[in-house]
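> This structure is in structure tokens; I'll ask about it shortly.
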Amino acid sequence: MPRLGFLAAGVLLAAAATAGIGSAPVEETLRYNINWPSGLPLGEAEISAKSLKPDEASGRRWEFTLKLEAAIPGFAVADLHRSVVTAELCSVLLEKQSERGKRKAKERTSFDLANQSAVRETLGGGGKSEFAVPACARDALAFLYFVRRELGQGRIPPTQTVYFGAGYEVKLEYGGRQPVVAGESRFEADRLLVSVKGPASQAMFEAFFAVDPPRTPVLVRVPFAPGSFTMELVR
């Protein structure tokens with residue numbers, strides 16, 4: 021499974037539920053199964069959100085985390101991502117830890133929203149770079165909360181740059197409403213076609229959000245030959 025497609029699918033599910041249409045997040049944990057095209061289990065993902073103490077500079081803040089573990093024969097994958105955002109879902113900090121087989125990596129991106137800049141650094145003796153960002157830049161976790169909030173208000177977010185280390189152009193298209201099965205549950209869901217384009221690669225996949233007040237993400241399908249990898253909500 022290509023790395024960009026795998027991460028994009030994992031991050032697309034990385035959003036805890038919201039209290040209601042257009043409301044702020046609530047503290048919650050969601051769990052997903054990652055499956056091979058055959059339906060056999062490949063791994064699991066766990067998403068959590070919690071409120072942080074207000075900050076003098078950015079006010080009320082939220083922390084989102086994504087834990088993802090998968091086992092491809094002879095190659096294990098383990099990710100831990102932490103995002104800190106403002107009440108407007110603008111990114112303040114993104115921390116990433118990843119393991120790909122025997123390779124381990126840690127990096128951090130700090131966002132200075134007032135000066136519209138960000139610093140990305142590889143921890144443990146790596147490099148550092150600074151780049152310009154919008155006044156309300158969003159990392160991948162913050163962006164998914166933003167998508168759910170917009171869906172709850174009947175809108176599809178426009179194409180924009182989302183930060184997950186590098187910047188990725190993300191385009192969403194509405195694909196209609198349809199019933200889907202995730203785990204052992206059946207949902208009425210809105211289908212989004214998602215295109216993610218990075219500096220050197222791109223991926224396309226489908227995401228399904230339940231037609232409920234929280235707009236819960238219930239299923240992602242990532243198409244590859246000979247079939248589609250899936251990530252399904254576990255109830």
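Position one of the sequence shown corresponds to residue 21 (this note's numbering), numbered consecutively onward. Just so it is clear, CB atoms sit at the ideal spot from N, CA and C, and this is done for glycine as well. Predicted, not measured: the structure shown is a model, and the values here were computed from it.
1) According to DSSP, F207 sits in a beta bridge with which residue or residues?
2) Can you list, in chain order, the residues of its chain with a C-beta nearer than 6 Å to that of T85? Leave out the 5 residues immediately preceding and following it.
3) Rounded to whole angstroms, what's the CA-CA distance from C110 to P93? Just pull it up for me.
4) For A209, which residues from the same chain have a beta carbon less than 8 Å from its beta carbon, with the 5 sequence-adjacent residues on both sides left out?
5) Below 8 Å between beta carbons: does that hold for N55 and T236?
6) Using only alpha-carbon positions, find the residue among A202, D99 and Q180 that is nearest to A125.
7) What does Q117 pair with, by DSSP beta-bridge criteria?
8) Along the chain, which unbroken stretches of the beta strand (DSSP E) at least 3 residues long are found entirely within the region 46 to 112?
9) Just curious, the beta strand (DSSP E) that L143 is in, first and last residue?
10) Does the separation of the CB atoms of G195 and E226 fall below 8 Å?
11) Less than 8 Å between the CB atoms is what I'm expecting for A138 and V153, so what's the real figure, rounded?
12) Would you mind listing the beta strand (DSSP E) stretches within the region 214 to 241 that are 3+ residues and don't spill past its ends, in chain order?
With the given structure in hand:
1) Counted from its first residue, the sequence shown places residue 207 at position 187. Beta-bridge pairing links F207 to V200.
2) Against the sequence shown, residue 85 aligns to sequence position 65. Answer for T85: S68 and R102, listed in chain order.
3) Locating residue 110 in the sequence shown gives position 90, where the first residue counts as 1. Locating residue 93 in the sequence shown gives position 73, where the first residue counts as 1. Cα atoms of C110 and P93: separation of roughly 38 Å, rounded to the nearest angstrom.
4) To locate residue 209, count along the sequence shown from 1; it is residue 189. Cβ within range, chain order: R197, Q198, P199, V200, F228, F229, A230, V231, V238 and L239.
5) The count along the sequence shown starts at 1 and reaches residue 55 at position 35. The count along the sequence shown starts at 1 and reaches residue 236 at position 216. Contact flag unset, no.
6) Counted from its first residue, the sequence shown places residue 125 at position 105. The candidate whose alpha carbon is nearest that of A125 is D99.
7) Residue numbering aside, residue 117 sits at position 97 when the sequence shown is read from its first letter. Looking at the DSSP assignment, Q117 forms a beta bridge with L100 and K126.
8) Unbroken beta strand (DSSP E) runs of no fewer than 3 residues, entirely contained in the region 46 to 112, are found at 48 to 55, 61 to 75, 79 to 92 and 95 to 106, following chain order.
9) For this step, residue 143 is matched to residue 123 along the sequence shown. It is not in any beta strand (DSSP E) - L143 carries neither H nor E in the DSSP assignment.
10) Reading the sequence shown from its first residue, position 175 is the one you call residue 195. Reading the sequence shown from its first residue, position 206 is the one you call residue 226. In this structure, G195 places its C-beta atom within 8 Å of the C-beta atom of E226.
11) Taking the sequence shown and counting its residues from 1, one reaches residue 138 at position 118. Taking the sequence shown and counting its residues from 1, one reaches residue 153 at position 133. 5 Å between Cβ atoms; contact.
12) Whole beta strand (DSSP E) segments, 3+ residues: 222 to 230.
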